[in-house]
Amino acid sequence: MIKSLKLLILVYLALGYLNANAQTKKRVRKVKKYYFVTASNDTTHCKKLEWSTLLNGKLSELKYTTLDGKKVHLKGKKKVPDVILFYENGKTLDKLPSKLHKPKSYYKYVERTVNGKLIVYLREQSYSGGTSENINSPGYTKGGMGLYRFWLRLPNGEIYKINKTKNMKNIIIPYLKNCAEFINEYKGNFETDEKSFVKMIKLYNSLCN
48 MIKSLKLLIL
58 VYLALGYLNA
68 NAQTKKRVRK
78 VKKYYFVTAS
88 NDTTHCKKLE
98 WSTLLNGKLS
108 ELKYTTLDGK
118 KVHLKGKKKV
128 PDVILFYENG
138 KTLDKLPSKL
148 HKPKSYYKYV
158 ERTVNGKLIV
168 YLREQSYSGG
178 TSENINSPGY
188 TKGGMGLYRF
198 WLRLPNGEIY
208 KINKTKNMKN
218 IIIPYLKNCA
228 EFINEYKGNF
238 ETDEKSFVKM
248 IKLYNSLCN
C-alpha cells in the first residue's frame with residue numbers, strides 16, 4: 048500500500064513537472080529580427096522597420112525602433128540613408144536596378160527568393176497610383192502587377208536574366224558545371240522554368256561553397 052502511494056506521488060509530481068514545462072514553452076515567443084545595411088556598409092539592427100520609396104526607387108522615408116526602444120523617423124533625401132539591403136524577419140531585400148541594361152537609372156528593393164552563394168530574384172513589379180512605388184508598412188496593399196523579373200546573382204555581384212537563352216548557355220550553365228559535387232548529384236535538365244530552376248540553385252548552394 049505504501050509503495051503504491053509513493054508511486055502515485057512520483058507519477059503526480061512527474062506529470063506536474065511536464066505540464067509546467069509545457070506551459071513555459073508555450074510562453075516562449077520568437078523575437079522578430081530586423082536590420083538594414085547602407086552603401087557605406089553600416090548595419091543598423093532594430094525592432095520595427097517601415098520604409099517607402101519614390102517612383103525612381105530612392106528611399107523617401109524610413110522609420111524604425113532601435114533595440115533600446117528609441118523611435119527614429121527619417122524623411123527626405125538629405126536625411127534618409129542609401130540603404131542597399133533590408134532584412135525583415137527572415138526576408139532579405141536587395142536594392143537592384145529596375146532594368147539590368149540601365150544599372151544607374153531606377154531602382155527597386157527585391158526579395159531574395161533563394162539565398163546563398165547564388166541568389167535568385169523572382170518577382171513582378173508593383174505599380175501604385177501615388178508618389179510612392181514601394182511601401183513596406185502594415186496594412187498596405189500594392190496595386191496592379193507589371194514587369195517580370197527572374198534574375199540570378201553571382202558571387203561577384205553580376206546579375207543575369209535567367210529566362211534569357213544566351214545567359215543560360217554561355218554563363219549560368221558553365222558556372223554551375225564548375226562544381227563537381229553539384230554535377231555528381233544533379234540529375235535533371237538545366238531548365239529555366241521557375242520551380243525547376245529554384246530547386247536546382249538550392250541544391251547547388253547546399254553543395255558548393
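Note that the sequence shown covers residues 48 to 256 in the working numbering.
Just so it is clear, CB atoms sit at the ideal spot from N, CA and C, and this is done for glycine as well.
For residue i, three-class secondary structure by DSSP
i	result
K122	strand
S184	Because the pLDDT at S184 is just 47, under 50, the model does not fix this residue reliably, and the point stays unresolved.
K16	The chain is shown from 48 up to 256; residue 16 falls before or after that span and cannot be answered.
P144	strand
I209	coil
C226	coil
P128	coil
D115	coil
K151	strand
F197	strand
T178	Note that T178 has pLDDT 38, beneath the 50 cutoff, so the model's placement of it is unreliable and the number below is only indicative. Of the three classes helix, strand and coil, the one that applies to T178 here is coil, per DSSP.
N236	coil
A69	Note that A69 scores a pLDDT of 49, beneath 50, so its modelled location is shaky and nothing firm can be said.
Cβ distance (whole Å) where residue i is taken to contact residue j below 8 Å
i	j	result
R196	L169	7 Å
L33	E158	No answer is possible for residue 33: it lies beyond the span of the chain, which begins at 48 and ends at 256.
V161	I248	5 Å
K94	L121	The pair is not a contact, with the Cβ atoms about 16 Å apart (cut-off 8 Å).
Y153	L143	Not really, about 10 Å apart at Cβ, beyond 8 Å.
I206	R200	5 Å
K222	L250	Correcting the residue identity first, residue 222 is Tyr in this sequence and not Lys. At roughly 14 Å, the Cβ-Cβ gap does not stay under 8 Å, so Y222 and L250 are not in contact.
V119	V167	Not confirmed; about 32 Å, so no contact.
Beta-bridge partners of residue i, as assigned by DSSP
i	result
F133	F83, L140
K110	E97, H120
E158	L140
L169	F197
Which listed residue (the options) has its alpha carbon closest to that of residue i
i	options	result
F229	K208, N252, N210	N252
Y111	K213, Y81, T100, L102	Y81
L132	K216, W98, L199, N236	W98
H92	K126, T100, K117	K117
T100	V130, N256, I220	V130
K126	S145, K105, D141, T139	K105
N103	K149, P202, E241, V119	K149
G204	D141, K213, T85	D141
T212	E238, L194, K224, C226	E238
N236	M215, A227, T139	M215
L254	D89, G163, L109, V119	G163
T85	P128, K138, T139	P128
E241	W198, N231, N256, N225	W198
N256	L109, S145, N225	N225
K124	K138, G137, S107	S107
L194	K146, A227, P202, I220	K146
K138	K151, N88, T90, K79	K79
L279	S87, F83, N88, D89	The displayed coordinates of the chain run from 48 to 256. Any statement about residue 279 would go beyond what the structure contains.
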